[in-house]
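Single-structure report; data block below.
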Amino acid sequence: MTMLIAAILLYVLAVTICLTVIVKGHNLNNIEKKVKKLIARESADSEEVITKKDYYKAYEIVDDLGTVLECNNDMVKYDGVKSVFRRVEEFRSQKQPMSHSVVEDIEQDCQVGKKKRGLWAVK
45 MTMLIAAILL YVLAVTICLT VIVKGHNLNN IEKKVKKLIA RESADSEEVI TKKDYYKAYE
105 IVDDLGTVLE CNNDMVKYDG VKSVFRRVEE FRSQKQPMSH SVVEDIEQDC QVGKKKRGLW
165 AVK
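Laid out in structure tokens, this is it:
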């Protein structure tokens with residue numbers, strides 16, 4: 045009886061893995077595409093559509109980050125990463141506009157964190 049339960053659980057696990065591979069897979073054949081349509085119908089509605097313009101802009105940012113990280117000079121890396129981070133923040137703000145009060149709260153938290161930093165004299 046225990047072997048039967050173990051075999052059934054193993055079979056269910058194998059089917060689940062196969063379905064996951066089909067849903068997440070690329071270069072699917074026709075049968076796999078039909079199975080994917082049946083399984084992923086509801087999840088496709090919730091996913092956001094990424095435009096080619098946004099895709100290429102994000103790809104350019106990541107490519108620039110890779111170029112910066114290949115540099116041997118640490119100061120160039122530091123400045124480059126800072127500029128890439130600014131570009132990422134701009135890209136995020138274009139894609140997900142936040143309310144003005146949320147931005148103010150974040151800025152206040154950053155200022156409070158800056159005030160706490162420093163050296164303390166201990167006697």
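Note that the working numbering has the sequence shown beginning at 45, numbered continuously upward.
Ideal Cβ positions, reconstructed from N, Cα and C, are used throughout, including at glycine.
Values in this document were obtained by computation on a predicted structure and should not be read as measured data.
Beta-carbon proximity of residue i to residue j, cut-off 9 Å
i           : j           : result
residue 112 : residue 121 : yes
residue 109 : residue 79  : no
residue 107 : residue 139 : no
residue 81  : residue 135 : no
Nearest neighbour of residue i, chosen from the options [CA to CA]
i           : options          : result
residue 66  : 77, 138, 116, 57 : 77
residue 105 : 116, 126, 119    : 126
Alpha carbon of residue i to alpha carbon of residue j, nearest angstrom
i           : j           : result
residue 62  : residue 94  : 27 Å
residue 52  : residue 73  : 28 Å
residue 47  : residue 64  : 26 Å
residue 68  : residue 56  : 18 Å
residue 130 : residue 50  : 53 Å
residue 114 : residue 71  : 33 Å
residue 137 : residue 54  : 46 Å
residue 45  : residue 60  : 23 Å
residue 124 : residue 103 : 16 Å
residue 116 : residue 96  : 33 Å
Practice task
Can you check the segment 69-128 for any alpha helix (DSSP H) of at least 4 residues that lies completely inside it and give the ranges in chain order?
Solution key: 74-83, 85-90, 96-113
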